[in-house]
Amino acid sequence: MIKNILAVILTLSVVEGLGPGAAGAMEISLEENRGQRGSIGYVDLQAVFRRFPEVQRAKQSYAEVVRQAEEQVNLRKAELIRLRSDIGSLKAER
Numbered sequence: 002m003i004k005n006i007l008a009v010i011l012t013l014s015v016v017e018g019l020g021p022g023a024a025g026a027m028e029i030s031l032e033e034n035r036g037q038r039g040s041i042g043y044v045d046l047q048a049v050f051r052r053f054p055e056v057q058r059a060k061q062s063y064a065e066v067v068r069q070a071e072e073q074v075n076l077r078k079a080e081l082i083r084l085r086s087d088i089g090s091l092k093a094e095r
């Protein structure tokens, strides 16, 4: 029967700060299957991600990238509003 399984997590991330060194391995105990025939194991990926420290760093890095992108969008929206106002002023001068 399978008592343990070696879960290898290869993380490829486009998030800054994570590179090839982010991949790792971790051993997670599984409950023994007491069925009559064969054995079945499972991997709780949520538990793996909770235990893998790179996940938290990746989430924080991703949140920072999203925040910066939202900031850029807001700046461009403000510029669009200003440009539309300028266009309206120029049309009124004619």
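Going by the numbering used here, 45 is the number at position 44 of the sequence shown; the sequence numbering is gapless.
Glycine included, C-beta positions come from ideal geometry on N, C-alpha and C.
- Item | Backbone CA spacing between L46 and A59 [nearest angstrom] | Position 45 of the sequence shown, counted from the first residue, corresponds to residue 46. Position 58 of the sequence shown, counted from the first residue, corresponds to residue 59. So the two alpha carbons sit approximately 16 Å from each other.
- V44: first and last residue of the uninterrupted alpha helix (DSSP H) it sits in: Residue mapping note: residue 44 aligns to position 43 of the sequence shown, counting from 1. Careful: V44 lies outside any alpha helix (DSSP H) and carries neither H nor E.
- Given R77, which residues of its chain have a CB within under 8 Å of its CB, disregarding the five upstream and five downstream residues? Sequence index remark: in the sequence shown, residue 77 carries index 76 (1-based). Result list for R77: empty, nothing under 8 Å.
- According to the neighbour-count rule (16 or more other Cβ atoms, all chains shown, within 10 Å of its Cβ), is E94 buried or exposed? Working through the sequence shown from its first residue, we reach residue 94 at position 93. Exposed, because fewer than 16 other Cβ atoms sit within 10 Å of the Cβ of E94.
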